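Engineer:
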DNA sequence: GTGGTCTAGACCACG
DNA sequence: GTGGTCTAGACCACC
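Chains as they are written, first to last, in the numbering used here: chain A, 1 to 133; chain B, 1 to 133; chain C, 1 to 133; chain D, 1 to 133.
Now the structure itself:
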């Protein structure tokens with residue numbers, strides 16, 4: 001599994017793990033029904049303490065995305081895809097809402113805000129297109 | 001001064017104070033000549049530890065927005081308006097950038113992202129117009 | 001033999017096997033003369049590790065419900081029916097006791113508790129009648 | 001705060017803490033708005049590792065019952081009472097449902113089941129009355 | 001082998 | 001002082 005952990009980030013490690021898995025499942029990089037790497041395995045791979053991975057897995061379990069299969073490891077549930085897409089939508093929309101609300105509330109002109117958004121959109125979609133080639 | 005502190009927010013209280021002041025100066029809700037309330041006064045008003053207000057003021061001073069006026073308290077500098085508008089722009093653009101980057105990186109279709117942004121924009125600009133009446 | 005294993009349940013798989021066999025013997029779905037499937041056979045059928053089935057059988061043997069029949073596999077003992085009914089009673093009464101104790105201890109009104117029980121009773125007995133038709 | 005931890009129980013310590021707090025809030029032994037003992041304090045009181053208490057508090061926070069008040073400790077939210085009563089109802093009803101379902105499914109006569117329930121009800125309500133005197 | 005729980009002790013930012 | 005995160009290492013039951 002390909003996860004990039006930045007121990008320096010503001011986002012705690014266990015949340016980085018959670019949200020990267022959610023995003024990869026949402027994007028169907030990881031398929032429903034797959035068995036995830038074991039806690040100890042992933043911990044070794046990410047150079048992170050097993051407890052940290054366990055915490056991430058547990059949270060995903062609580063959200064109905066992972067299910068522990070006794071003695072075999074943790075696997076994606078059948079609703080994993082659906083739930084992850086929901087979570088992704090929720091997370092992104094919430095953050096958009098916050099910025100927009102704060103920006104307008106701060107007296108910023110809506111047109112200026114729109115211009116900035118356009119700006120960022122084109123910058124990053126350009127970058128994404130590059131990576132896909 | 002009208003500041004709304006949410007003690008349970010992720011954003012630390014002292015940062016809430018900073019950014020709300022910055023935004024109000026940027027929006028010219030607070031005018032250039034204004035004298036800010038004293039640390040103790042504001043702390044009492046916000047039900048917050050004076051140290052916390054002190055930290056916010058100190059940071060604003062460091063950024064050249066506030067300046068001590070001998071024996072009278074803290075006042076806005078001449079460049080306050082300009083600096084606050086810069087800071088506001090920086091903060092908002094940065095957050096937009098983050099969301100956009102993360103969203104596209106997560107495999108979300110750019111069109112969907114745009115739709116969501118439109119959605120939030122119209123929701124909040126509607127609300128803001130209402131409040132202005 | 002019809003057993004439904006849920007690998008994600010809190011109840012360990014080997015206990016699921018035990019209690020389902022006990023219940024089926026108690027309900028005389030499995031008759032006294034019956035020969036149980038071999039460990040490997042049942043394991044294959046349930047998609048479960050043979051060790052797990054072995055552990056269940058072993059426990060049932062220890063409780064005098066199963067007995068090895070020379071070269072033929074495992075069969076029910078003569079007291080199997082009686083013992084299973086005892087075990088069923090014990091298990092169910094114990095669990096009822098726990099819930100009731102906890103509920104009353106938590107300050108819940110006895111009348112509310114009774115209402116809830118009535119509710120669940122009617123719901124499930126309705127369902128059970130349906131299935132029997 | 002009066003919590004009784006049984007380290008020997010099947011129920012993990014952190015869950016004992018959670019559910020006892022939930023029950024006490026539901027029963028209004030603890031009132032809305034109250035500030036709970038700090039993690040370290042409660043940990044010392046219960047002779048338990050602070051991490052364990054932290055885990056319990058965190059779960060309660062996730063469920064909207066507790067809210068961290070920066071630098072001041074954890075306090076009950078306004079909806080705490082409501083949520084705890086919901087959780088209590090959910091927990092108890094779920095467990096009743098399980099037992100009833102399992103019992104009927106195991107071929108037990110509904111009348112026998114009812115008799116057993118009556119039995120346990122009278123036993124425990126007797127005991128509860130005693131304690132109240 | 002697997003996950004789950006717990007302890008001990010460290011470090012950090014915040015108030 | 002508070003909570004939040006992380007590490008290290010232990011023990012357990014289950015498969």
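Cβ atoms here follow ideal geometry from the backbone N, Cα and C, with glycine treated the same way. A quick note: this is a predicted structure, and the numbers were derived from the prediction, not measured.
Assign residue 47 of chain A to one of three DSSP states: helix, strand, or coil.
Structural biologist: In this structure, residue 47 of chain A counts as coil in the three-state DSSP scheme.
Engineer: Would you say residue 7 of chain B lies against chain D (beta-carbon separation less than 7 Å)?
Structural biologist: Output row for residue 7 of chain B: interface = yes.
Engineer: Beta carbons nearer than 9 Å to chain C: which residues of the stretch 78-105 of chain D have them?
Structural biologist: Within the stretch 78-105 of chain D, the qualifying residues are 88, 89, 91, 92, 93, 95, 96, 97, 98, 99, 100, 101, 102, 103, 104, 105.
Engineer: List, in chain order, every chain B residue whose beta-carbon is nearer than 8 Å to that of residue 18 of chain A.
Structural biologist: Within 8 Å Cβ-Cβ: nothing; residue 18 of chain A doesn't reach chain B, min ~13 Å.
Engineer: What is the rounded straight-line gap between the Cα of residue 91 of chain C and the Cα of residue 99 of chain B?
Structural biologist: About 53 Å.
Engineer: So is residue 37 of chain A in contact with chain B if we call contact Cβ pairs under 7 Å?
Structural biologist: Output row for residue 37 of chain A: interface = no.
Engineer: Identify the contact partners of residue 69 of chain D in chain B, using a Cβ-Cβ distance below 7 Å as the criterion.
Structural biologist: Those are 7, 8, listed as they occur along chain B.
Engineer: Could you tell me which residues DSSP puts in a beta bridge with residue 121 of chain C?
Structural biologist: BP columns for residue 121 of chain C are empty, so no partner.
Engineer: State yes or no: is the beta carbon of residue 110 of chain A nearer than 7 Å to at least one beta carbon in chain B?
Structural biologist: Yes, residue 110 of chain A counts as interfacial toward chain B.
Engineer: Quick check on DSSP: helix, strand or coil for residue 70 of chain C?
Structural biologist: Here residue 70 of chain C sits in coil by DSSP.
Engineer: Quick one: is residue 9 of chain A buried, meaning 16 or more other Cβ sit within 10 Å of its Cβ, or exposed?
Structural biologist: It is exposed - the Cβ of residue 9 of chain A has fewer than 16 other Cβ atoms within 10 Å.
Engineer: Using the C-alpha atoms, what's the distance from residue 85 of chain B back to residue 25 of chain B?
Structural biologist: Whole-angstrom Cα-Cα distance: 8 Å.
Engineer: Ends of the alpha helix (DSSP H) at residue 27 of chain B?
Structural biologist: Premise fails: residue 27 of chain B is in no alpha helix (DSSP H) and is neither H nor E.
Engineer: Whole angstroms are fine: how far does the CA of residue 76 of chain C sit from the CA of residue 15 of chain A?
Structural biologist: Straight-line Cα distance between these residues: approximately 52 Å.
Engineer: If the cut is a Cβ gap below 8 Å, which residues of chain A does residue 13 of chain C touch?
Structural biologist: Per Cβ cutoff of 8 Å: 70.
Engineer: Helix, strand or coil: which one does DSSP assign to residue 81 of chain D?
Structural biologist: Correct three-state label for residue 81 of chain D: helix.
Engineer: Quick one: is residue 88 of chain C buried, meaning 16 or more other Cβ sit within 10 Å of its Cβ, or exposed?
Structural biologist: So residue 88 of chain C ends up on the buried side.
Engineer: Strictly under 7 Å for the Cβ-Cβ distance: is residue 121 of chain B near chain A by that measure?
Structural biologist: For residue 121 of chain B, the answer is yes, since a Cβ of chain A falls inside 7 Å of its Cβ.
Engineer: Can you check DSSP and say which residues form a bridge with residue 64 of chain D?
Structural biologist: Paired residue(s): none; residue 64 of chain D is not in a bridge.
Engineer: Would you grab the beta carbon distance between residue 104 of chain B and residue 125 of chain A for me? Rounded to a whole angstrom, and I think it's under 8 Å.
Structural biologist: About 6 Å; that satisfies the 8 Å criterion.
Engineer: Please classify residue 68 of chain B: is it buried, with 16 or more other beta-carbons within 10 angstroms of its beta-carbon, or exposed?
Structural biologist: By the neighbour-count rule (16 or more Cβ atoms within 10 Å), residue 68 of chain B is not buried but exposed.
Engineer: Looking at C-alpha atoms only, which residue of B/36, B/112, B/28, B/4 is the closest neighbour of residue 71 of chain B?
Structural biologist: The residue with the shortest Cα to Cα distance from residue 71 of chain B is B/36.
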